[in-house]
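Start counting at 1 in the sequence shown, then tack on 1414, and there's your number in this note's numbering.
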Amino acid sequence: MDSQSKMTCMKRMIYTALFMSVAAAPVAAGIGSHIADASVHKGSHGYARESVKSEFAEGTVLRPGEFRENDRGVDAAHLTKGSVQLIKSADGITFLQLGGDFNAGEAPDLYVYASAALRVDHTDAFELEKQMELGRLQNTRNASFYPIPPGKVVNSVTIWCKRLRVFMGSADLI
């Protein structure tokens, strides 16, 4: 190969490498932002943020509970684990407290619901029982708390994916 051909070949390689790096940069940035959205905060697809610190309500524990891992509505991809408590603060406000060991499966649009019913263990039971929405799940891992409206009876808590209509887990407060 003569020097002119080598130079032409080298230019093509440089231009190709330059084009590939320019074309790949937005793709890499997009993938990186989706990964960050899914594991750190609420992104465009609605994943709950993973909290750096736990958030605890102060007060007296009224009733404890534990998320069941064997509910018929739970699968390996949509499994919620950990403790939960109903807490009454010194000023009389009742809170639902998800424990420091709380861990919800990854899904978009997770919400916390409370019910007077017990054994809400799958989608059908969730949809049949009257549920009280307490709000969007604040943390997929670690503790968070949610105020309960005055006068409401709470015997169970359910984590539910609104967008996909998927049962993530439930716990009875006994």
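Even glycine gets a Cβ: it sits at the ideal position worked out from N, Cα and C.
Asked                                                                                                                                                        : Found
With DSSP as the reference, label E1541 as helix, strand or coil.                                                                                            : helix
Using the three-state DSSP reduction, which class does F1418 fall into: helix, strand or coil?                                                               : The sequence shown places Gln at residue 1418, rather than the Phe named in the question. DSSP places Q1418 in helix when its eight states are reduced to three.
In the DSSP assignment, what are the bridge partners of M1492?                                                                                               : Note that residue 1492 is His in the sequence shown, not Met. In the DSSP output, where bridge partners are listed per residue, H1492 has D1489.
On the criterion of 16 or more Cβ atoms from any shown chain inside 10 Å, does I1573 qualify as buried, or is it exposed?                                    : buried
What is the C-beta distance between V1475 and I1501, in whole angstroms, given that I count them as a contact (C-beta under 8 Å)?                            : 6 Å
On the CB-based measure, 16 or more other CB atoms within 10 Å of its CB, does V1567 come out buried or exposed?                                             : exposed
Quick one, are the C-beta atoms of V1571 and H1492 less than 7 Å apart?                                                                                      : no
Quick one: Cα of G1519 to Cα of T1554, how far?                                                                                                              : 7 Å
Let's test the definition: count the other Cβ atoms within 10 Å of the Cβ of A1504 and tell me whether it reaches 16, buried, or not, exposed.               : exposed
Going by beta carbon distance, what residues of the same chain come within less than 8 Å of T1537, once the five residues before and after it are set aside? : G1487, R1579, V1580, F1581
Considering only DSSP beta bridges, list what R1555 is partnered with.                                                                                       : N1517
Name the two residues that bound the continuous beta strand (DSSP E) containing K1576.                                                                       : Note, K1576: premise wrong, no beta strand (DSSP E); not H, not E.
Does the beta carbon of L1548 come closer than 7 Å to any beta carbon on chain B?                                                                            : Protein chains in the displayed structure number just one, and chain B is not present.
From N1484, D1515, L1510, pick the residue whose C-alpha is nearest to that of S1497; which is it?                                                           : D1515
What is the rounded straight-line gap between the Cα of G1479 and the Cα of L1512?                                                                           : 10 Å
List the endpoints of the continuous beta strand (DSSP E) containing K1502.                                                                                  : 1497 to 1502
Would you say F1470 and A1557 are within 7 Å of each other, going by their C-beta atoms?                                                                     : yes
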